[in-house]
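*Asks:*
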Amino acid sequence: MSKTNQNPFENVLVQLDIAGEYLKLEPGVRDMLRQPKRIVTVSLPVKMDDGRTNVFTGYRVQYNDARGPFKGGIRYHPGVTLDEVKALSAWMTWKCSVADIPFGGAKGGVICDPKKMSQGELERLTRRYAAAISNVIGPDQDIPAPDVYTNSQIMAWILDTYSLIKGYAVPGVVTGKPISLGGSLGRDTATGRGAAFCTREAAKAVKVPLKGATFAVQGFGNAGANYALIMEEMGAKLIAASDSQGGILNKKGLDAKKVLAHKEKGGTVVGYPGAESVTNDELLQSECDILSPAALENAITKDIARGVRAKIVVECANGPTTPEADRVLDKKGVFLVPDILANSGGVIVSYLEWVQNLDRLYWTEEEVNSRLEQKITSAFKGVHQEAKKHGVSMRTGALIVGVGRVAEAVRTLGLWP
Ligand code: GLU
């Protein structure tokens with residue numbers, strides 16, 4: 000699905016090698032971390048509204064569970080590939096480890112175009128997928144959640160299908176579900192909120208006052224739009240936003256709430272009144288203090304990176320910057336908050352949701368947000384310290400922390416037989 004042909008899983012391996020050098024990983028552990036523990040591929044016949052049967056392909060990749068049950072979202076997108084899902088599952092593993100929550104990492108993907116499907120078709124596809132992977136998921140085994148083009152309704156269908164197969168209600172099998180089914184308050188805004196907390200910490204680190212700081216968001220989906228709304232509450236000024244159809248820019252500032260209302264009405268930010276049109280690439284290189292790629296992998300290539308003018312980059316998306324682009328940004332002195340830290344707010348609140356489900360108790364939104372703030376701020380500080388200790392970028396610092404903890408768990412578990 001990447002814009003370039005760059006294989007996201009190759010990026011994972013490049014990053015793993017960098018972390019491995021610093022961690023002096025022994026070859027056995029390094030080799031175990033280079034591949035997923037299990038890959039499940041399923042074919043999903045679905046009755047379409049016109050009476051035809053379409054066979055879709057779905058994946059669930061369980062990367063590593065040394066630190067706890069597998070955890071990670073499910074993506075519906077026409078560009079899904081197995082290597083993409085593998086990469087996303089590895090990033091989930093490091094992410095849960097950086098956030099220090101007791102989960103491993105997994106990811107799911109179904110090759111489909113949800114924008115061209117009816118609700119009925121989506122429901123039938125989702126239930127078929129849930130049934131097909133039902134023997135490998137579960138609250139103690141692997142807990143899915145939303146990702147690109149999936150949402151709380153899709154989680155509700157997975158929960159219902161799984162519970163029907165089991166014969167009793169199992170709310171803890173998914174997170175990011177509707178509140179009425181045991182979802183957590185604050186989960187829907189958690190990825191954006193966590194990224195905003197990280198931006199606040201980054202701004203302190205590089206001494207850019209957040210009040211009045213300008214920011215641009217590439218990808219105005221759940222993560223990007225909530226990030227924009229919360230950054231605005233913190234006093235920053237949105238100057239550009241985009242989605243798959245194009246972008247808008249106004250140096251004097253945009254109103255995030257109104258941009259979101261415009262997108263909800265017409266399906267895109269494009270055509271928002273009082274702004275000039277820009278392409279996604281122009282947005283990434285626009286003049287601003289803070290840039291957030293919040294769409295898909297490989298958005299910031301080496302060439303784009305050369306033109307990035309922001310002082311801080313906050314990756315709301317997973318894998319938006321290629322390893323070559325990383326080097327360019329690092330050389331330019333850009334302070335980049337990497338995906339496995341920046342967007343960990345989503346899975347942190349997924350963890351809080353799962354804990355509430357298992358304990359049968361529910362917290363207020365304030366309680367959830369404050370636990371999120373504590374967790375992600377402490378993760379930021381840990382990564383920042385590690386980066387300073389080794390004189391490396393925040394990306395490398397996060398990989399050292401994330402991969403390091405997983406390696407330690409793998410080592411301590413030992414090998415049987
Ligand atoms: N899909 C989100 C991510 O990439 C959330 C995963 C989760 O909550 O399990 O982090």
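Residue numbers (numbering that gives the first Met the number 0): 0 to 416. A virtual CB, placed ideally from N, CA and C, is assigned to each residue, including glycine.
1) Name the DSSP bridge partner or partners of phenylalanine 214?
2) Run the CB neighbour count on leucine 412, radius 10 Å, all protein chains shown included, and call it buried at 16 or more, exposed below.
3) To the nearest angstrom, how far is it from the Cα of glycine 19 to the Cα of serine 243?
4) Counting along the chain, where does the alpha helix (DSSP H) carrying proline 44 start and finish?
5) Examine the ligand GLU and report whether any of its heavy atoms sits within less than 7 angstroms of the Cβ of aspartate 64.
6) According to the neighbour-count rule (16 or more other Cβ atoms, all chains shown, within 10 Å of its Cβ), is aspartate 302 buried or exposed?
7) How would you label glycine 246, buried or exposed, when you count the other beta carbons within 10 angstroms and need 16 or more for buried?
8) Quick check: the Cα distance between leucine 414 and lysine 106, rounded to an integer number of angstroms?
9) Three Cβ pairs or more, each shorter than 8 angstroms: is that satisfied between the region 87-104 and the region 55-72?
10) Which stretch, first to last residue, makes up the alpha helix (DSSP H) that contains leucine 87?
11) Answer yes or no: do leucine 253 and alanine 274 have a C-beta to C-beta separation smaller than 8 angstroms?
12) In the region 228-286, which residue ranges form an unbroken beta strand (DSSP E) of at least 3 residues, counting only runs that do not cross its ends?
13) Look at the Cβ atom of serine 392, then the Cβ atom of leucine 340, and state whether they are nearer than 8 angstroms.
14) Residues bridged to alanine 105 by DSSP?
15) Straight-line CA distance for isoleucine 375 to isoleucine 100?
16) For a test of your reading of the model: does the CB of serine 349 fall under 7 angstroms from any non-hydrogen atom of the ligand GLU? Yes or no.
17) Measure from the C-beta of valine 135 to each C-beta in chain D and report whether the shortest distance is under 8 angstroms.
18) Starting from arginine 74, trace the alpha helix (DSSP H) both ways and give me its first and last residue.
19) In this structure, does DSSP put leucine 414 in helix, strand or coil?
20) Comparing alpha-carbon positions, which option in Gln118, Ile17 and Val402 lies nearest threonine 92?
21) Give me whichever residues DSSP pairs with leucine 335 in a beta bridge.
22) Per DSSP, glycine 137 forms a beta bridge with which residues?
*Replies:* If we stick to the structure as given:
1) Leu237 and Ile289
2) exposed
3) 35 angstroms
4) From DSSP, proline 44 is part of no alpha helix (DSSP H) but of the beta strand (DSSP E) over 37-46.
5) no
6) exposed
7) buried
8) 25 angstroms
9) yes
10) 81-97
11) yes
12) 236-242, 245-248 and 275-277
13) no
14) Gln61
15) 11 angstroms
16) yes
17) The chain labelled as chain D is not found in the depicted structure, where only one protein chain is given.
18) Segment 69-76 is the beta strand (DSSP E) holding arginine 74; no alpha helix (DSSP H) there.
19) coil
20) Val402
21) Val312
22) Asp141
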